[in-house]
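Enquirer: If you use the numbering used here, the sequence shown corresponds to residues 14 to 152, in order.
All C-beta atoms, glycine included, are put in the ideal place defined by N, C-alpha and C.
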Amino acid sequence: MMPAELAPNRRRARRTARGMGLLEGLIAVAILSFGMLGLARFQTNLMAQTTDSRSRTAATQLADELLSTVLVDTGNAGCYTLPTPVNCTSSAASARAADWKVRTLAAMPGDHTAVATLDTGTQRFTVTVTWTGKGGSDP
């Protein structure tokens, strides 16, 4: 049993501590909520980066495919210049270029362009694929 002089102090301490558990619980929930919001934002950014990465990969693969086609068919390199072929006499090369352009239009998001140029002096063939990402700017 407790001495008589300690009992009132304990009752007073219990009275002043009322609601502290509830307050601690509310603070813990608030901290947890901010943490969960941070995780949600991180997940959203990660998804946007994944979409952008997928678009970059598709553009790189398509450009590499057209460059490889030109390397194999150098005699008809002018047929693969886009948007308009230059000095093209091969219907097969024109069909391959048109097919490549259709697949590029289907693969790239937003507003996009595909330009292929041939510098006849240096025999340099350049492929440029541009698109507008979700944020509204070119990547």
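Tell me whether residue 143 sits in a helix, a strand or coil according to DSSP, three-state version.
Expert: The answer is strand: DSSP assigns residue 143 an E or B state.
Enquirer: What is the residue span of the alpha helix (DSSP H) that residue 94 lies within?
Expert: Bounds of any alpha helix (DSSP H) do not take in residue 94, whose DSSP letter is neither H nor E.
Enquirer: With a CB to CB cut of under 7 Å and the five nearest residues on each side skipped, what residues in its chain are close to residue 82?
Expert: 93, 109
Enquirer: Just to confirm the assignment, what range does the alpha helix (DSSP H) spanning residue 117 have?
Expert: 104-120
Enquirer: Nearest to residue 123 by alpha carbon, out of 102, 59, 142?
Expert: Residue nearest to residue 123 within the set 102, 59, 142 is 142 (criterion: CA-CA distance).
Enquirer: Are the Cβ atoms of residue 129 and residue 139 separated by less than 8 Å?
Expert: yes
Enquirer: Go through its chain and collect everything with a Cβ distance to residue 114's Cβ below 7 Å, but skip five positions before and after it.
Expert: If the five residues before and after residue 114 are omitted, its C-beta is found closer than 7 Å to the C-beta atoms of 95, 127, all from its own chain and listed in chain order.
Enquirer: Looking at residue 116 and residue 75, is the spacing between their C-beta atoms short of 8 Å?
Expert: yes
Enquirer: Express the C-alpha separation of residue 80 and residue 133 in angstroms, rounding to a whole number.
Expert: 15 Å
Enquirer: In its own chain, which residues sit with a C-beta less than 8 Å from the C-beta of residue 91, not counting the 5 before and 5 after it?
Expert: 98, 99, 100, 101, 131
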